[in-house]
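Novice: Quick one: structure below, then a few questions.
In our numbering, the protein residues as written are 1 to 276.
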């Protein structure tokens, strides 16, 4: 039970989210009289969390329940979905930039909520495995592996954030961009995706030799991208300062996404390493 008399807006939303991630199946929210604004915030929070439903509502309490059976949730499936969503967001963000497609950019921004939902599911499952060994047994995964999936999901969530950032920047572009710059950014994006895909394949590969090989390919790819970014930065110097700065931020977001792929590759290497 949580007393929400003094909680409104973001603080109330965070409180509901924290209890969800902490693994509460039933969340009772109580206050002397729950305001319309508080109810609306609670409903928004509930809709942004997988499996939660408002069970009962009275003047002074709202009861929220998690209707999903945790044993039916697969951390592997959630991370796989996160991979698909984050990479499609990044892909569409770059397309929106190249074609100045503001509608597509807004669509990318909207998809970030789906990614956040899945990230919170992964966090909830992971925390459950920390609390009880039984939760890890039900998932059929060792705790270490749950940790690897959780830390990789965090990287995918950040890639989604950078796709969203590129989409927001695209909304500020009205004039066509120089073709050679667009092509360079597209190539850079292609390389970043190769890194992230190789890293995720390595993470999911149970063959330790193959996983190690793929993870090392991803790490080499990150170094090659660093070189490429330097040459793009030189091209940006020829543009007017405002556009150069905006495109510099786009390039930085693509580079950061590749770096997150590199972090996943590091995790995959640890997962593939022999254990004592």
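We put the CB at the ideal spot given by N, CA and C, even for glycine.
Using only the alpha-carbon positions, how far apart do residue 6 and residue 227 sit?
Specialist: Near 52 Å, if we compare the C-alpha coordinates of residue 227 and residue 6.
Novice: Any idea what DSSP makes of residue 145, helix, strand or coil?
Specialist: DSSP places residue 145 in helix when its eight states are reduced to three.
Novice: Apply the 10 Å Cβ neighbour rule to residue 78 and answer buried if 16 or more other Cβ atoms are within range, or exposed otherwise.
Specialist: With 16 or more Cβ atoms within 10 Å of its Cβ, residue 78 is classed as buried.
Novice: Tell me which same chain residues have a C-beta within less than 6 Å of the C-beta of residue 211, skipping the five on either side of it?
Specialist: Same-chain partners within the cutoff: 202, 205, 268, 272.
Novice: Comparing alpha-carbon positions, which option in 53, 98, 105, 153 lies nearest residue 125?
Specialist: Ranking 53, 98, 105, 153 by Cα distance to residue 125 puts 153 first.
Novice: Report yes if the C-beta distance between residue 104 and residue 116 is below 7 Å; otherwise report no.
Specialist: Contact flag unset, no.
Novice: Suppose you measure from the CA of residue 65 to the CA of residue 118; what does that come to, to the nearest Å?
Specialist: Roughly 18 Å separates the two Cα atoms.
Novice: Suppose you measure from the CA of residue 129 to the CA of residue 146; what does that come to, to the nearest Å?
Specialist: Going from the Cα of residue 129 to the Cα of residue 146 covers about 8 Å.
Novice: Identify the continuous beta strand (DSSP E) that holds residue 29 and give its terminal residues.
Specialist: First-last of the beta strand (DSSP E) with residue 29: 26-30.
Novice: When the Cα atoms are used, what is the spatial distance from residue 29 to residue 3?
Specialist: Roughly 6 Å between the two C-alpha positions.
Novice: Going by Cα to Cα distance, which pick from 175, 274, 195, 218 is closest to residue 243?
Specialist: Nearest C-alpha to residue 243: 175.
Novice: Would the beta-carbon of residue 277 fall within 7 Å of that of residue 232?
Specialist: What the structure shows of the chain is the stretch from 1 to 276, and residue 277 is not part of that stretch, so it cannot be assessed.
Novice: Quick check on residue 50: does DSSP put it in helix, strand or coil?
Specialist: The answer is coil: DSSP assigns residue 50 none of H, G, I, E or B.
Novice: Determine the closest residue to residue 215 out of 51, 94, 263, with distance taken between C-alpha atoms.
Specialist: The candidate whose alpha carbon is nearest that of residue 215 is 263.
Novice: Within 10 Å of its beta-carbon, does residue 191 have 16 or more other beta-carbons around it, so buried, or fewer, so exposed?
Specialist: Label assigned to residue 191: buried.
Novice: Extract the residue ranges of the alpha helix (DSSP H) inside the segment 100-174, only unbroken runs of 4 or more that lie entirely within it.
Specialist: DSSP runs (the alpha helix (DSSP H)) wholly in the segment 100-174: 102-131, 133-139, 143-170.
Novice: Report the three-state DSSP secondary structure of residue 61 (helix, strand or coil).
Specialist: Here residue 61 sits in strand by DSSP.
Novice: Do the CB positions of residue 163 and residue 84 come within less than 7 Å of each other?
Specialist: Their beta carbons are not under 7 Å apart, which means residue 163 does not touch residue 84 by this criterion.
Novice: Span of the alpha helix (DSSP H) holding residue 74?
Specialist: That residue, residue 74, is in no alpha helix (DSSP H); it is neither H nor E in DSSP.
Novice: Can you give me the C-alpha to C-alpha distance between residue 274 and residue 50, rounded to a whole angstrom?
Specialist: Rounded to whole angstroms, residue 274 to residue 50 spans 35 Å at the Cα level.
Novice: Take residue 225 as the anchor and find which of 187, 238, 198, 236 has the nearest alpha-carbon.
Specialist: It is 187.
Novice: So, at 7 Å on beta carbons, what are the nonlocal neighbours of residue 37 in its own chain, with the 5 sequence-adjacent residues on each side left out?
Specialist: Contacts found: 8.
Novice: Got a sec? Which residues, its chain only, sit under 6 Å from residue 27 by beta carbon, not counting five neighbours each side?
Specialist: If we look at residue 27 and ignore the five residues flanking it on each side, its Cβ neighbours are 19, 64.
Novice: I'd like to know whether the C-beta of residue 95 is nearer than 7 Å to at least one C-beta of chain C.
Specialist: Absent from the structure: chain C. Only one protein chain is present.
Novice: Tell me, to the nearest whole angstrom, how far the beta carbon of residue 254 is from that of residue 167; I am working on the premise that it is less than 8 Å.
Specialist: Residue 254 to residue 167, Cβ: 13 Å. No contact.
Novice: Who does residue 2 pair with in a DSSP beta bridge?
Specialist: Residue 2 pairs with 29.
Novice: For the alpha helix (DSSP H) holding residue 228, just list the boundary residues, first then last.
Specialist: From DSSP, the alpha helix (DSSP H) with residue 228 extends over 208-236.
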